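First the structure, in the form of structure tokens, and then the observations on it.
Protein chains: 2
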Amino acid sequence: MIREKLKEYYNVVFEDELIEEITKVGTFKKVRENELLLDLGDKFDKIPLILSGAIKISHENTKGDEIALYFLERGDTCTITFGCGLQTSKSKVRGVAEVDSEIIFIPIEKLEEWLVKYKSWRNFVIDSYNIRLSEMLEAIDTLAFMKMDQRLYKYLTDKVKIMRDTTLFTTHQEIAHDMNTSRVVVSRLLKQFENDKKIKLHRNRIEVLEY
Amino acid sequence: MIREKLKEYYNVVFEDELIEEITKVGTFKKVRENELLLDLGDKFDKIPLILSGAIKISHENTKGDEIALYFLERGDTCTITFGCGLQTSKSKVRGVAEVDSEIIFIPIEKLEEWLVKYKSWRNFVIDSYNIRLSEMLEAIDTLAFMKMDQRLYKYLTDKVKIMRDTTLFTTHQEIAHDMNTSRVVVSRLLKQFENDKKIKLHRNRIEVLEY
DNA sequence: TTAACAAAGTAACAAAAGTTACATTGCTAG
DNA sequence: CTAGCAATGTAACTTTTGTTACTTTGTTAA
């Protein structure tokens, strides 16, 4: 079953031989929407390969404030956890399934072993790291240079792309939480967007008209 | 000469055989304070190994606003440039020598070649990436959760650690630039810190008393 | 010694974001 | 069909940050 899933989603990415190896040692898991995959402080000794769905990665400081960083999608892996299993260091991020998702987990020991054996794995690891660094840079960009209204609009349009649906099922409170601001601020700005005909507001639901 | 430098700074990190390889293909460079090493959009096909000094890595958006991300020090490499040489992607960051520094440059092709051959290189690359991701996370933390006064104080104390000197030779304008805020805001907060006996202000110079 | 200039100080105001408090609305379980 | 409740709307206010404009202070080169 894993073999079929891999061939479906990773056929161009990995060599046949590597797909066989992953089939041997990988474990497949379906996760439900809102399921917690990885919490802060976890010692995570598996490499996740996302087959389908979306995982929201967020970061929390010592005071308990939280901010959403980025989403993992099909073809992604969570490089930020690569450090968790190897050394004594523990996860600094949280991963929650945004929608029902399918994941294959690979034991962390294979990370290095396969770096030696498979060119496609070397590319995958390096690419994954580079993509993740880019995403972090984008998050920094957003925080450093954008005002709240721009950040919020980016949040909405990014989510539309991830969910592949112009209707977002979420609450103002949840958005505020993801952006580390207050519900009132979000409601105020969303109302502005609605007046500007960029979105349409409903209870528990936002239609994004322009994106 | 490179061999001696490497043995001095990277003896525990790299296997002897790898040090020989680096000696063969690496080029040594001394850079002066304020020298630009890597600019936005550059196609950078070298891996830098920092031997001494400090390189300030900063990020600029399309509008020209800039923000300092972190410093590279002895033992560090700039993983964020690993992507620049390989694909068509170009540098999204800028690197400027904060003080006189010594660097060895390695051709980017060696990145993958040595992943296969040397365990110490695999560890170095993975560790470097993980460290960089951590630093990025810290930058996000600072931007998302801290008020300007805390951010500024962190800026000062971080710099004291990097420079190994409690006296910082800088201007309010330069700090404002690094933090993407205005000079007036920085001056105002610094004056507060001085009143709180945390620092002492001079022209072009700040003494950090508590850190 | 002093003109010139960069750096720093500061007041006054504007804009953005956060907070409090309460009203209104829409959904759902009984 | 309605009580209860979570979600949303909104006003009023505070705090933080940014901006403008002008003054004062060191430093340096002529």
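So the protein sequences, as listed, match chains A and B.
Position one of the first sequence corresponds to residue 28 (this note's numbering), numbered consecutively onward.
Position one of the second sequence corresponds to residue 28 (this note's numbering), numbered consecutively onward.
Positions of the beta carbon are idealized from the N, C-alpha and C atoms, including for glycine.
Bear in mind that the values here come from a model prediction, so they are computed numbers and not experimental data.
Proximity to residue i [Cα-Cα], best of the options
{"i": "Cys-105/A", "options": "Lys-186/B, Ser-214/B, Val-40/B, Tyr-156/B", "result": "Tyr-156/B"}
{"i": "His-199/B", "options": "Thr-193/B, Ile-189/B, Val-211/B", "result": "Val-211/B"}
{"i": "Thr-194/B", "options": "Val-40/B, Ala-124/B, Met-163/B, Glu-234/B", "result": "Glu-234/B"}
{"i": "Lys-188/A", "options": "Tyr-36/A, Phe-98/A, Tyr-37/A, Ile-84/A", "result": "Phe-98/A"}
{"i": "Ile-226/A", "options": "Leu-179/A, Asn-207/A, Glu-201/A, Arg-30/A", "result": "Leu-179/A"}
{"i": "Trp-56/A", "options": "Lys-34/A, Asp-72/A, Asp-66/A, Ile-29/A", "result": "Checking the sequence, you will find Lys at residue 56/A rather than Trp. Of the candidates Lys-34/A, Asp-72/A, Asp-66/A, Ile-29/A, the one whose C-alpha sits nearest the C-alpha of Lys-56/A is Ile-29/A."}
{"i": "Tyr-36/B", "options": "Gly-102/B, Leu-64/B, Lys-186/B, Leu-228/B", "result": "Gly-102/B"}
{"i": "Lys-181/A", "options": "Lys-146/A, Phe-151/A, Glu-237/A, Asn-231/A", "result": "Glu-237/A"}
{"i": "Phe-109/B", "options": "Pro-75/B, Asn-231/B, Asp-192/B, Ser-209/B", "result": "Pro-75/B"}
{"i": "Arg-232/B", "options": "Asp-192/B, Tyr-145/B, Ile-107/B, Lys-144/B", "result": "Asp-192/B"}
{"i": "Phe-71/A", "options": "Ile-107/A, Thr-50/A, Thr-89/A, Glu-100/A", "result": "Ile-107/A"}
Outcome for residue i when other beta-carbon atoms lying within 10 angstroms are tallied against a minimum of 16
{"i": "Ser-116/B", "result": "exposed"}
{"i": "Arg-159/B", "result": "buried"}
{"i": "Phe-220/B", "result": "buried"}
{"i": "Asp-223/B", "result": "exposed"}
{"i": "Phe-196/A", "result": "exposed"}
{"i": "Leu-216/B", "result": "buried"}
{"i": "Lys-73/A", "result": "buried"}
{"i": "Val-120/A", "result": "buried"}
{"i": "His-229/B", "result": "exposed"}
{"i": "Asp-92/B", "result": "exposed"}
{"i": "Asp-168/A", "result": "buried"}
{"i": "Val-39/B", "result": "exposed"}
{"i": "Ile-146/B", "result": "Per the sequence presented here, residue 146/B reads as Lys, with Ile not at that position. With fewer than 16 other Cβ atoms within 10 Å, it is exposed."}
{"i": "Lys-218/A", "result": "exposed"}
{"i": "Lys-90/B", "result": "exposed"}
Beta-carbon spacing of residue i, residue j below 8 Å
{"i": "Val-58/B", "j": "Asp-127/B", "result": "yes"}
{"i": "Val-123/A", "j": "Glu-165/A", "result": "no"}
{"i": "Ile-84/A", "j": "Ile-130/A", "result": "no"}
{"i": "Arg-149/B", "j": "Glu-139/A", "result": "yes"}
{"i": "Ile-46/B", "j": "Leu-65/B", "result": "no"}
{"i": "Ala-171/B", "j": "Asn-207/A", "result": "yes"}
{"i": "Asp-176/B", "j": "Ser-118/B", "result": "no"}
{"i": "Val-143/A", "j": "Val-143/B", "result": "yes"}
{"i": "Ile-87/B", "j": "Leu-67/B", "result": "Note that residue 87/B is Glu in the sequence shown, not Ile. The answer is yes: Cβ separation under 8 Å."}
DSSP three-state assignment for residue i, whether helix, strand or coil
{"i": "Ile-130/A", "result": "strand"}
{"i": "Ser-118/A", "result": "coil"}
{"i": "Phe-55/B", "result": "strand"}
{"i": "Glu-234/A", "result": "strand"}
{"i": "Phe-172/B", "result": "helix"}
{"i": "Ala-203/A", "result": "helix"}
{"i": "Glu-162/B", "result": "helix"}
{"i": "Tyr-145/B", "result": "coil"}
{"i": "Glu-31/B", "result": "helix"}
{"i": "Val-39/B", "result": "coil"}
{"i": "Lys-181/A", "result": "helix"}
{"i": "Glu-87/A", "result": "strand"}
{"i": "Ser-209/A", "result": "coil"}
{"i": "Thr-198/A", "result": "coil"}
{"i": "Leu-45/A", "result": "helix"}
{"i": "Lys-186/B", "result": "helix"}
{"i": "Glu-136/A", "result": "helix"}
{"i": "Thr-106/A", "result": "helix"}
{"i": "Phe-71/A", "result": "coil"}
{"i": "Lys-218/B", "result": "helix"}
Same chain, Cβ closer than 8 Å to residue i, five either side skipped, listed in chain order
{"i": "Met-190/B", "result": "Ala-81, Glu-125, Val-126"}
{"i": "Thr-184/B", "result": "Val-235, Tyr-238"}
{"i": "Met-173/A", "result": "Lys-181"}
Same chain only: Cβ atoms within 6 Å of residue i, ignoring 5 sequence neighbours per side
{"i": "Glu-48/A", "result": "none"}
{"i": "Trp-141/A", "result": "Trp-148"}
{"i": "Glu-162/A", "result": "Tyr-97"}
{"i": "Thr-54/B", "result": "Phe-132"}
{"i": "Asp-205/A", "result": "Ala-95"}
{"i": "Ala-242/B", "result": "As displayed, chain B neither begins before 28 nor continues past 238, which places residue 242/B out of reach and without an answer."}
{"i": "Thr-50/A", "result": "Ile-29, Arg-30"}
{"i": "Lys-186/B", "result": "Leu-195"}
Sequence-distant residues of the same chain with beta carbon closer than 7 Å to residue i, five excluded per side
{"i": "Val-52/B", "result": "Ile-133, Pro-134, Lys-137"}
{"i": "Ser-79/B", "result": "Arg-101, Ser-128, Glu-129"}
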